[in-house]
Structures are given as C-alpha cells and as structure tokens.
Amino acid sequence: MTTPLPPAPDSSALVLFSGGQDSTTCLAWALSRFARVETVGFDYGQRHRVELDQREKLRAGLCELSPAWRDRLGDDHTITLEALGAISDTALTREAEITLRADGLPNTFVPGRNLIFLTFAAALACRRGVVDLVGGMCETDYSGYPDCRDETLRAMNHALRLGMAAPFTLHTPLMWLDKAATWRLASDLGGAGLVALIVEESHTCYLGERGKRFDWGHGCGECPSCKLRAAGWERFAGSA
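Each step along the sequence shown adds one to the number in full-length UniProt numbering, with nothing skipped, and position 170 is 170.
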C-alpha cells in the first residue's frame, strides 16, 4: 500500500462512479490525491442496474479503510438518464443475447454513453466548483468501445473546456492498464483491504447477476465483463 503526498488543501475532484471494479479503483486513486472527492453515478435503465445499489456499500467500505479517505469523501450524486436507455438498442439496455454486431463491436456498446456521462458530470462539476474529473475508461482491456479510447477522451476534454469555459482536466488512471494491473493498482492504493472490498462489493457482470460468488467477486461468470475480470484476477493472484 502506497502513501502518497498529502493533497493540496483546496484540491477537489468528481469521480464517475458506477459501482464497478474500475470506478472503485479510480475513486481510491482520487481519494489518495485530492482533498475533497465527490462521486456521480448514472441511471440509464441499464440491465445491470444492481451496480448502482453497490455504490453506497463501496463508499462506506472505503471510509472504513482509511480515516483520510473518510475525511476527503464528499457528496454522492445520481443522475437519471432514462432517454439514453430509451433510444439505445443494446444488450445493456434490452433483454438480448450478447453478440458481436456487423461492424465488429459487441452489442453491449451503448452509443454516446461516456460522452453523455462526461457532459453531465462536467455540468455538475461546474455547480460544485470542481474542475478535475476522474473516469475509469481504458483502451487496454476493453471491448473496442470507441468512447473509451484515449483519443476520444482527449477530444472530449478539449470540448468540455471550450463549451463550458472551465479548465477541466479529465483523469483516466486506468487508460493503459490491463485488468491484472488494475487489481495491482487497487492493492497499491489500499492494500488487501481494498482488494477484498472490490471483490465482495463491486459489480461488473453485464447480466446483473449477484448470486454466484467466485474468487474475483459476484457475477454470472460467462458474460464478457465477467470473463475479463476473472482473467485479470487470475493473472494478479498468480503474480502475488
């Protein structure tokens, strides 16, 4: 577990916090670097909406892990985006089999999702006096989603700065990490306690399955998201 330098007293960040492994790791990363950290989640009618139910358990668990994190963790916000789910014909917003589309992308891709999330997060950040946004987007272990690519997010950061006349900085600490490295980052940030919290309380499964418990956490074990998380855990645990 690393011990970073104390953050500047006036530093603050808003973390896009879904309740999954990646966003929980990003929240711990932000709590280690900013004096005040708020979180925002999005309810767009996702099939795995159970992830939103895990968010408060994860926030509480992070507070128990570190008094400093408890003092720095601020308000949580949930933004409802029913329109996104209504216009999206995907396996994350419909009861549909997870397959590849004709263009090679999985049908779990929700067009515009991260762009919309970031726009709403930036609008909230303006109201909250925050200019640092933190997201768990990654183009190393990912499904080819174009709105997770570094190039896309750099362009989005520039657009938010121009369109809202605010000096936003979008942090993507997982951008070049695979899932095994993401587990290692969690271990570096919060030790075995944070790893255990992510295993037990975070949610990744696209189908919203919480009944089954594997070494890496709860899920169906078969969807692409579960397989990616499981493979990363195996590499991480095997190198420990």
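Note that CB positions come from ideal geometry on N, CA and C, so glycine has one too.
Model, not experiment: these values are computed from the prediction.
Nearest neighbour of residue i, chosen from the options [CA to CA]
{"i": "S187", "options": "L65, V131, G163 and I116", "result": "L65"}
{"i": "P173", "options": "T93, C26, S18 and L14", "result": "C26"}
{"i": "G144", "options": "P111, N157, F120 and A155", "result": "P111"}
{"i": "R161", "options": "G45, G20, A122 and G238", "result": "A122"}
{"i": "T24", "options": "D10, V195 and P7", "result": "V195"}
{"i": "residue 244", "options": "D22, D71, G20 and Q21", "result": "This structure cannot speak to residue 244, because the chain is shown only from 1 to 240."}
{"i": "K179", "options": "F120, P146, A231 and E82", "result": "A231"}
{"i": "K227", "options": "G211, T80 and C205", "result": "C205"}
{"i": "T119", "options": "E209, I87, A237 and D147", "result": "D147"}
{"i": "G135", "options": "C223, V37 and A102", "result": "V37"}
{"i": "A96", "options": "F236, L115, L207 and G238", "result": "L207"}
{"i": "N157", "options": "A192, R127, Y142 and I116", "result": "I116"}
{"i": "A86", "options": "C138, Y142 and R113", "result": "R113"}
Where the alpha helix (DSSP H) containing residue i begins and where it ends
{"i": "V50", "result": "V50 to D53"}
{"i": "P15", "result": "In the sequence as presented, Pro is not what sits at residue 15; that position holds Val. Taken as a continuous stretch (DSSP letters only), V15 belongs to no alpha helix (DSSP H), being part of the beta strand (DSSP E) at S12 to L16."}
{"i": "I116", "result": "R113 to R128"}
{"i": "G144", "result": "Taken as a continuous stretch (DSSP letters only), G144 belongs to no alpha helix (DSSP H), as it is neither H nor E."}
{"i": "V195", "result": "K179 to E201"}
{"i": "C26", "result": "Q21 to L31"}
{"i": "P224", "result": "P224 to S239"}
Residue range of the unbroken beta strand (DSSP E) whose run includes residue i
{"i": "E38", "result": "R36 to D43"}
{"i": "T80", "result": "L73 to T80"}
{"i": "D132", "result": "D132 to V134"}
{"i": "L170", "result": "T169 to H171"}
Supposed close pair residue i, residue j - CB separation, criterion 8 Å
{"i": "S18", "j": "G41", "result": "6 Å"}
{"i": "Q21", "j": "I198", "result": "5 Å"}
{"i": "P67", "j": "R33", "result": "So it is not a contact: roughly 16 Å between Cβ atoms."}
Close-in-space but distant-in-sequence residues of the same chain around residue i (CB under 7 Å, 5 per side omitted)
{"i": "T99", "result": "N107"}
{"i": "A28", "result": "L62, A186, L189, G190 and L194"}
{"i": "W233", "result": "W183, D215 and W216"}
{"i": "E201", "result": "Q54, K57, L58 and G61"}
{"i": "T80", "result": "D43"}
{"i": "A155", "result": "none"}
Cut-off 6 Å between Cβ atoms - residues of its own chain near residue i, not counting five sequence neighbours on either side
{"i": "L62", "result": "W69"}
{"i": "T182", "result": "T25 and L174"}
{"i": "T39", "result": "V15, F17 and D76"}
{"i": "W176", "result": "T140"}
Beta-carbon contacts of residue i that lie in its chain and below 8 Å, excluding the five residues immediately before and after
{"i": "R229", "result": "Q21, K179, T204, W216, G217 and G219"}
{"i": "K212", "result": "H218, G219, C220 and G221"}
Validate contact between the region 119-136 and the region 147-166 using beta carbons, cut 8 Å, 3 pairs: With the rule of 3 Cβ pairs closer than 8 Å, the region 119-136 counts as touching the region 147-166.
task: Pair every Cβ in the region 85-99 with every Cβ in the region 37-54, then say whether three or more of these pairs are closer than 8 Å.
output: A contact is defined here as three or more CB-CB pairs under 8 Å, and the region 85-99 meets this definition with respect to the region 37-54.
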